[in-house]
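Asks:
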Amino acid sequence: MPLMPVGDIELYYEALGTGEPVLFLHGLGSSSGGWVLQQDVFAAQYQVILVDARGHGRSDKPSGPYSVPMFTADIVGLLDGLGITAVHVVGLSMGGMIGFQMAVDYPERVKSLTIINSGPELVAHNLKERLFIWQRKLLLNTLSMEKIGNAIGGRLFPEPEQAEYKDMFVAEFVKNDKAAYKASTNALFGWSVRDRIGQIQRPVLALASDQDYTLVAVKEAYVAEIPDARLIVIENSRHAAPIDQPDVVNTAILNFLAEIGD
0 MPLMPVGDIE LYYEALGTGE PVLFLHGLGS SSGGWVLQQD VFAAQYQVIL
50 VDARGHGRSD KPSGPYSVPM FTADIVGLLD GLGITAVHVV GLSMGGMIGF
100 QMAVDYPERV KSLTIINSGP ELVAHNLKER LFIWQRKLLL NTLSMEKIGN
150 AIGGRLFPEP EQAEYKDMFV AEFVKNDKAA YKASTNALFG WSVRDRIGQI
200 QRPVLALASD QDYTLVAVKE AYVAEIPDAR LIVIENSRHA APIDQPDVVN
250 TAILNFLAEI GD
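With numbering that gives the first Met the number 0 as the guide, the letters of the sequence shown map in order to residues 0 to 261.
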């Protein structure tokens, strides 16, 4: 099992294929296994780097608090250990937040940035957003991991034909350490680098599901603030686009990487 010492912890990672490195960063409560429908497709052309963030999967789960800059420093430490100077970053949800933090704090390590159903901040600006954060905190403090997993899984995969995806999600989600999951969740609320994204000089692709938690208009607004960014809307998709629309996601990212060159 490949583990990389990074600071005071060890991170689980996998490296597949050869070529330009593409780093995949998973969402909250997930793991490197969340990219199962991407890893082989991309490994045919690129070196794929998969990693379990601090507090997730097979990586260490120290007591909190955690922060997005801490997650990001961990990832940069992993790249240092692997001898990789710069990568194309692909991040889903929390992974996209880490990608944004990496792009503003370590711009020399980022060749391009693909953001999937994420943004440069998690700050409540209206009643709907405040309710969303309140609901997540309520779930976290009152329910078991199984019940939280079923609640989230039901929103991610609500269609009868998606039952297999939901069951797989819940089976993996319940493996989370609740204290580490809580520390990771709290790291995201109130985080922002929105005032710095205009400094990003790398190509950026934002993929936005039409039925994500946040509206496409929210993504359109931040994309307009980044000098070299473009937005693609994924139809008939919710938050877990790499699972519910893998072919669309894979094609969009591969075309983006081909367009910008290595």
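The beta-carbon is built from N, C-alpha and C at its ideal position, and this holds for glycine as well.
Run through DSSP, which three-state label would residue 15 get?
Replies: Working through the sequence shown from its first residue, we reach residue 15 at position 16. Three-state DSSP puts residue 15 in a strand.
Asks: Could you name the residues that DSSP lists as bridge partners for residue 5?
Replies: For the purposes of this step, residue 5 is taken as residue 6 along the sequence shown, with counting starting at 1. Looking at the DSSP assignment, residue 5 forms a beta bridge with 8.
Asks: Go through its chain and collect everything with a Cβ distance to residue 203's Cβ below 6 Å, but skip five positions before and after it.
Replies: Residue mapping note: residue 203 aligns to position 204 of the sequence shown, counting from 1. Result list for residue 203: 112, 225 and 228, in chain order.
Asks: Within a Cβ cutoff of 6 Å, which residues of the same chain sit near residue 41, ignoring the five residues on either side of it in sequence?
Replies: Numbered from 1 along the sequence shown, position 42 holds the residue referred to as residue 41. Same-chain partners within the cutoff: 21 and 47.
Asks: I'd like the list of long-range same chain contacts for residue 147, defined as Cβ closer than 6 Å, with 5 residues on each side in sequence excluded.
Replies: The residue given as residue 147 occupies position 148 in the sequence shown. Correct list, in chain order: 138.
Asks: Assign residue 200 to one of two classes, buried (16 or more other C-beta atoms within 10 Å of its C-beta) or exposed (fewer than that).
Replies: Along the sequence shown, one-based indexing puts residue 200 at 201. Answer is exposed; the Cβ neighbour count stays below 16.
Asks: With DSSP as the reference, label residue 20 as helix, strand or coil.
Replies: For the purposes of this step, residue 20 is taken as residue 21 along the sequence shown, with counting starting at 1. Correct three-state label for residue 20: strand.
Asks: Using CA coordinates, which residue listed in 25, 9, 176 and 3 is at the minimum distance from residue 240?
Replies: If you number the sequence shown from 1, residue 240 lands on position 241. Looking at the Cα atoms, 25 is the closest of the given residues.
Asks: Mind checking whether residue 121 and residue 187 have CB atoms under 8 Å apart?
Replies: Position 122 of the sequence shown, counted from the first residue, corresponds to residue 121. Position 188 of the sequence shown, counted from the first residue, corresponds to residue 187. In this structure, residue 187 lies closer than 8 Å to residue 121 by Cβ.
Asks: Am I right that residue 27 and residue 92 are in contact with their C-beta atoms under 8 Å? What's the rounded C-beta distance?
Replies: Counting from 1 along the sequence shown, the entry for residue 27 is found at position 28. Counting from 1 along the sequence shown, the entry for residue 92 is found at position 93. Rounded, the Cβ-Cβ distance is 6 Å, consistent with contact.
Asks: Can you pull the DSSP bridge partners for residue 50?
Replies: Your numbering for residue 50 matches position 51 in the sequence shown. Looking at the DSSP assignment, residue 50 forms a beta bridge with 12 and 24.
Asks: From the DSSP secondary-structure annotation, give me the bridge partner or partners of residue 67.
Replies: As a working note, residue 67 is residue 68 in the sequence shown. Bridge partners of residue 67: none, in fact.
Asks: Under 8 Å, Cβ to Cβ, is there at least one residue of chain B near residue 238?
Replies: Structure shown: chain B not included; a single protein chain is present.
Asks: To the nearest angstrom, how far is the alpha carbon of residue 153 from that of residue 233?
Replies: Residue 153 sits at position 154 when you count from the first residue of the sequence shown. Residue 233 sits at position 234 when you count from the first residue of the sequence shown. Taking the straight line from one Cα to the other gives about 20 Å.
Asks: Beta carbon of residue 11, beta carbon of residue 51: below 8 Å?
Replies: Taking the first residue of the sequence shown as position 1, residue 11 is located at position 12. Taking the first residue of the sequence shown as position 1, residue 51 is located at position 52. Their beta carbons are under 8 Å apart, which means residue 11 touches residue 51 by this criterion.
Asks: For residue 171 versus residue 58, is the C-beta spacing smaller than 8 Å?
Replies: The residue labelled residue 171 in the question sits at position 172 within the sequence shown. The residue labelled residue 58 in the question sits at position 59 within the sequence shown. No, these two residues do not count as a Cβ contact at 8 Å.
Asks: Pull up the distance between the alpha-carbon of residue 143 and that of residue 257, whole angstroms please.
Replies: For the purposes of this step, residue 143 is taken as the residue at position 144 of the sequence shown. For the purposes of this step, residue 257 is taken as the residue at position 258 of the sequence shown. If you take the alpha carbons of residue 143 and residue 257, they lie about 44 Å apart.
Asks: So, is residue 18 buried or exposed, given that buried needs 16 or more other C-beta atoms within 10 angstroms?
Replies: Residue 18 sits at position 19 when you count from the first residue of the sequence shown. Answer is exposed; the Cβ neighbour count stays below 16.
Asks: What are the uninterrupted segments assigned as alpha helix (DSSP H) that are 4 or more residues long and contained completely in the stretch 102 to 172, given in chain order?
Replies: Runs found: 126 to 141, 144 to 155 and 162 to 172.
Asks: Within a Cβ cutoff of 7 Å, which residues of the same chain sit near residue 149, ignoring the five residues on either side of it in sequence?
Replies: As a position in the sequence shown, residue 149 is number 150, starting the count at 1. So the qualifying residues of the chain are 169.
Asks: To the nearest angstrom, how far is the alpha carbon of residue 7 from that of residue 179?
Replies: Counting from 1 along the sequence shown, the entry for residue 7 is found at position 8. Counting from 1 along the sequence shown, the entry for residue 179 is found at position 180. Using only the alpha carbons, I get a separation of about 16 Å.
Asks: Taking 7 Å as the cut-off, is the C-beta of residue 149 nearer than that to any heavy atom in the ligand SAM?
Replies: Judged by which ligands are present, the structure shown has none, so any question about the ligand SAM falls away.
Asks: What is the rounded straight-line gap between the Cα of residue 162 and the Cα of residue 88?
Replies: Working through the sequence shown from its first residue, we reach residue 162 at position 163. Working through the sequence shown from its first residue, we reach residue 88 at position 89. Spanning the two alpha carbons is a distance of roughly 30 Å.
Asks: Can you look up residue 236 in the DSSP assignment and give me helix, strand or coil?
Replies: Working through the sequence shown from its first residue, we reach residue 236 at position 237. Residue 236 falls in the coil class under three-state DSSP.
Asks: Does the beta-carbon of residue 53 have 16 or more other beta-carbons within 10 angstroms, so that it is buried, or is it exposed?
Replies: Taking the sequence shown and counting its residues from 1, the one referred to as residue 53 is at position 54. Buried, since its Cβ has 16 or more Cβ neighbours within 10 Å.
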